[in-house]
Structures are given as C-alpha cells and as structure tokens.
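A.B. asks:
Residue numbers (my numbering): 1123 to 1341.
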C-alpha cells in the first residue's frame, strides 16, 4: 500500500486528489494539510511513503517544506513530489535542489497522476528526458565552481551510470546501454547516490550537471 500525504492550501484540489487516489486498491491518503508546517507535523505522525506538496503556500511553502523533509532523519523514506500551476520555472528547480523527487503540474490527467504516484513511491525520479533537458539547459548552463562531494570517489562504471541517469534512463535502459544486468545497474546507481550524498535520482541528476560530470551541450 502506498501511503500519501496531501499538502496544499486549496481544499477543493485536495478533495479531488484524495477521491482519485483513495479509489485505487494500492494507494491510501493518510492525511491532508493546508501548509508546509502542518504537513511536516502530519508527516512525522503518519510517516507516509509520498507527499504531494504545493510549491506555493502560506506559512511554509513547498521548497522550505522539502528542505525540512530532507533534513529530518525520521523522514528519509518519504518522497516529496512538488505540485505547481505553472509548469517549469526556477522554483521547480529550486525544489529539486532541496530534495524533491520530481514535480507535477496540477492540471495533470488522472491516469498520469496515478502513474506518477507509483513511480515516485518506488524511488524513481519524475523527470522525463525532455523535462530534464529543459531544466538543465535553463538553470544549470554553467557548472558550479566546486564539485559535488564524493565525485572523485566514483568508479568509471558509476560515472557512466550517473551520466545515463542524467539522460533520464531507467535502470533497465541503463543496463542495456552498459551491457550489464538491471540489478548491477541499480547497484551502480545506488552506490553513486551514496557517494554523492544524493537523496534520490532527481538530486543525482542535478548533481551530475552542477558538478560538471555531464554537460548540457552534450544533450
């Protein structure tokens, strides 16, 4: 069962999302909050697998909420997916920097929302290759002057796996590209995440570009 927390200041939107999610046999909405501060309290109480968090809220917005979740050792298993009305903008990228597993536009069609919840809950980033490319080209045109912690510790195969993750590939696609098993591909990705201190694959993508390991010009 995928346990979901809804955090949004619009009651009507929360009601609609709850009705859709609760209708599924494998998804349950365990709590709702109208702002990030309430959301954090409920997250610590219910320990959901996933939180759908509005990027713009009173009291505490989605970016700060995501930072608080990422910093809380008791919430390491909870994924945050950002909800936005505006699609791709700098706030979305800032949320990914803060530790969000991905983002969704609020007018998403129901089937896509259900698919996204399941994808995020199993630990995959909600970043299609086209979205990744737009994010990176717009907000990471120049790598940071300091490399991500642990970059020098990556093996050649781990670097290759990170490069493929940054292109939006799944573990199965990485395995095909590297001519290895999906389990080995997953191992390379997980080890790279640990060495780079990335919370999830979304942060791994951000770190790959910010560190200069992958260049937007090569996309």
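The beta-carbon is built from N, C-alpha and C at its ideal position, and this holds for glycine as well.
Which one of 1158, 1125, 1229 and 1188 has the shortest CA to CA distance from residue 1147?
C.D. replies: The residue with the shortest Cα to Cα distance from residue 1147 is 1125.
A.B. asks: Just curious, the beta strand (DSSP E) that residue 1153 is in, first and last residue?
C.D. replies: It spans 1149-1155 - the beta strand (DSSP E) in which residue 1153 sits, taken as one unbroken run.
A.B. asks: Is residue 1327 helix, strand or coil by DSSP?
C.D. replies: It is helical.
A.B. asks: Measuring CA to CA, which of 1167, 1174, 1197 and 1311 is closest to residue 1138?
C.D. replies: Considering only alpha carbons, the answer is 1174.
A.B. asks: Please name the residue or residues paired with residue 1302 in a DSSP beta bridge.
C.D. replies: For residue 1302, which the question treats as bridged, DSSP gives no partner whatsoever.
A.B. asks: Following the continuous beta strand (DSSP E) through residue 1127, name the residue where it begins and the one where it ends.
C.D. replies: Its beta strand (DSSP E) spans residues 1124-1129.
A.B. asks: Among all the DSSP beta bridges, which residues are the ones paired with residue 1112?
C.D. replies: Coverage of the chain is limited to positions 1123 through 1341, which leaves residue 1112 absent and any answer about it impossible.
A.B. asks: Please report how far the alpha carbon of residue 1156 lies from the alpha carbon of residue 1215, in whole angstroms.
C.D. replies: Taking the straight line from one Cα to the other gives about 23 angstroms.
A.B. asks: Have a look at residue 1266 and residue 1318 and give me their C-alpha separation to the nearest angstrom.
C.D. replies: Interpretation of residue 1266 is limited by its pLDDT of 46, a score under 50 that renders its predicted location unreliable; the figure taken from the coordinates is listed afterwards. Approximately 15 angstroms, taken between the alpha carbons.
A.B. asks: Taking DSSP's pairing of strands, which residues face residue 1176 in a bridge?
C.D. replies: Answer is 1205.
A.B. asks: Go ahead and label residue 1201 buried or exposed: buried means 16 or more other beta carbons lie within 10 angstroms of its beta carbon, across all protein chains shown.
C.D. replies: With 16 or more Cβ atoms within 10 Å of its Cβ, residue 1201 is classed as buried.
A.B. asks: Leaving aside the five residues before and after residue 1194 along the sequence, list all residues of the same chain whose C-beta is less than 6 angstroms from its C-beta, in chain order.
C.D. replies: There are no such residues.
A.B. asks: Using a 10 Å radius around the Cβ and a threshold of 16 neighbouring Cβ atoms, would you call residue 1322 buried or exposed?
C.D. replies: By the 10 Å Cβ count, residue 1322 comes out buried.
A.B. asks: Nearer than 7 angstroms: is that true of the beta carbon of residue 1217 relative to any heavy atom of the ligand MG?
C.D. replies: Because no ligand of any kind appears in the structure shown, any question about the ligand MG cannot be addressed here.
A.B. asks: Is the Cβ-Cβ distance between residue 1127 and residue 1168 less than 8 angstroms?
C.D. replies: Yes, Cβ-Cβ distance for residue 1127 and residue 1168 is below 8 angstroms.
A.B. asks: My guess is that residue 1172 and residue 1242 are in contact by the Cβ rule of under 8 angstroms, so how many angstroms apart are they, rounded?
C.D. replies: Rounded, the Cβ-Cβ distance is 6 angstroms, consistent with contact.
A.B. asks: At what residues does the alpha helix (DSSP H) containing residue 1187 begin and finish?
C.D. replies: First-last of the alpha helix (DSSP H) with residue 1187: 1184-1193.
A.B. asks: Out of 1145, 1132 and 1227, state which residue places its alpha-carbon closest to the alpha-carbon of residue 1123.
C.D. replies: Comparing Cα-Cα distances from residue 1123 to each of 1145, 1132 and 1227, the minimum goes to 1145.
A.B. asks: Using DSSP with H/G/I as helix, E/B as strand and the rest coil, what is residue 1137?
C.D. replies: Helix, per DSSP.
A.B. asks: Could you tell me the distance, in whole angstroms, from the CA atom of residue 1177 to the CA atom of residue 1158?
C.D. replies: Roughly 9 angstroms separates the two Cα atoms.
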